[in-house]
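2 protein chains.
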Amino acid sequence: MPTISGHTKAIRARKVIGTNVKDPSGKKIGAIEDVMLDKESNDIMFAVAGFGGLLGVAEKYHPMPWSALEFNEDQDAYVVNYTREQLQGAPAGSIDELTRDDGMLFRERSYAYYKEPRYWESTD
Amino acid sequence: MPTISGHTKAIRARKVIGTNVKDPSGKKIGAIEDVMLDKESNDIMFAVAGFGGLLGVAEKYHPMPWSALEFNEDQDAYVVNYTREQLQGAPAGSIDELTRDDGMLFRERSYAYYKEPRYWESTD
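Chains A and B are the protein sequences, given in the same order.
Take 3 as the starting number for the first sequence in this note's numbering and just add one per residue.
Take 3 as the starting number for the second sequence in this note's numbering and just add one per residue.
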């Protein structure tokens with residue numbers, strides 16, 4: 003069956019969750035555990051990646067800007083341009099911590115760390 | 003444990019999926035099956051509700067504007083202001099149909115049917 007994900011920009015959360023995350027060399031470094039949504043606006047706040055076992059930091063969730071995740075058909079994974087070391091130093095916390103303060107704190111830290119455009123400040 | 007969902011506008015897709023949908027009288031009419039995300043923008047396109055068994059239309063998924071879903075703590079559900087008859091006549095299709103054309107067709111039909119503000123046309 004041809005993958006639908008490659009031919010549509012509409013992607014279901016259920017398909018995103020569980021998708022592997024790999025580094026540019028194709029090595030698996032984790033998986034998407036969840037997607038944080040903004041109830042009041044129509045925005046995806048960030049993806050939640052789990053690098054726990056692989057990075058040696060157990061039970062930590064990494065907020066990652068949605069725009070930082072590029073799906074790679076061949077790898078069947080999101081390939082991110084970060085080294086293991088960069089990810090180890092990235093903002094991370096428990097799910098409860100990530101949702102605190104309306105998710106604003108970790109959104110802020112995550113977008114700053116990964117240097118992704120802050121969608122909530124865009125003004126066309 | 004106090005529900006976090008009521009005190010933060012950041013909500014995880016995993017918590018949204020599986021949440022019941024009830025009519026204003028408190029009667030369960032379905033549940034959220036998925037959330038459609040826009041890969042190219044930062045937008046939540048629509049929620050995907052399943053009313054199959056309850057509305058008597060098997061295996062159909064109903065795209066619903068994210069803004070139409072109001073979480074009700076007491077009901078532990080999204081309470082929607084639509085009658086069973088209104089929902090039976092609402093846009094619906096298979097998951098494949100919902101993702102076709104980048105999800106645009108069903109987004110269009112859904113927002114028109116439920117008369118929700120079209121977030122993609124907002125200009126501040």
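Beta carbons: idealized from backbone N, C-alpha and C, even for Gly.
Since the structure is predicted, the reported quantities are computational estimates derived from the model, not experimental observations.
Residue pairing by DSSP places L39 (chain B) opposite A:I13 and B:I46 in a beta bridge.
One thing to note: I34 (chain A) has its Cβ no nearer than 8 angstroms to the Cβ of I46 (chain B).
A Cβ-Cβ separation of about 22 angstroms leaves Y121 (chain A) out of contact with I97 (chain A) under the 8 angstroms criterion. A residue is called buried once 16 or more other Cβ atoms fall within 10 Å of its Cβ, and P119 (chain A), having fewer, is exposed.
When CB distances to chain B are screened at a threshold of 9 angstroms, the residues of the stretch 27 to 45 of chain A falling below it are E35, D36, V37, M38, L39, D40, K41, E42, S43, N44 and D45, in chain order.
With respect to the 8 angstroms criterion, I13 (chain A) and V23 (chain A) are not classified as neighbours on the basis of their beta carbons. Under a 10 Å Cβ-count criterion, P26 (chain A) is classified as exposed, with fewer than 16 other Cβ atoms of the shown protein chains found around its own Cβ.
Between D40 (chain B) and T10 (chain A), the C-beta gap is not smaller than 8 angstroms, which leaves the two residues out of contact. Take the alpha-carbon of S69 (chain A) and the one of S112 (chain B): they are about 26 angstroms apart. With a contact defined as Cβ atoms closer than 8 angstroms, Y80 (chain A) and T21 (chain A) qualify at about 6 angstroms. A straight-line Cα-Cα distance of about 7 angstroms links I19 (chain A) and V37 (chain A). In this structure, DSSP gives F53 (chain A) a state outside helix and strand, which the three-state scheme calls coil. DSSP places G105 (chain B) within a helical segment (H, G or I) once states are collapsed to three.
P65 (chain A) places its beta carbon 8 angstroms or farther from that of R102 (chain A).
Contact of S69 (chain A) with chain B is assigned, a C-beta pair being separated by under 8 angstroms.
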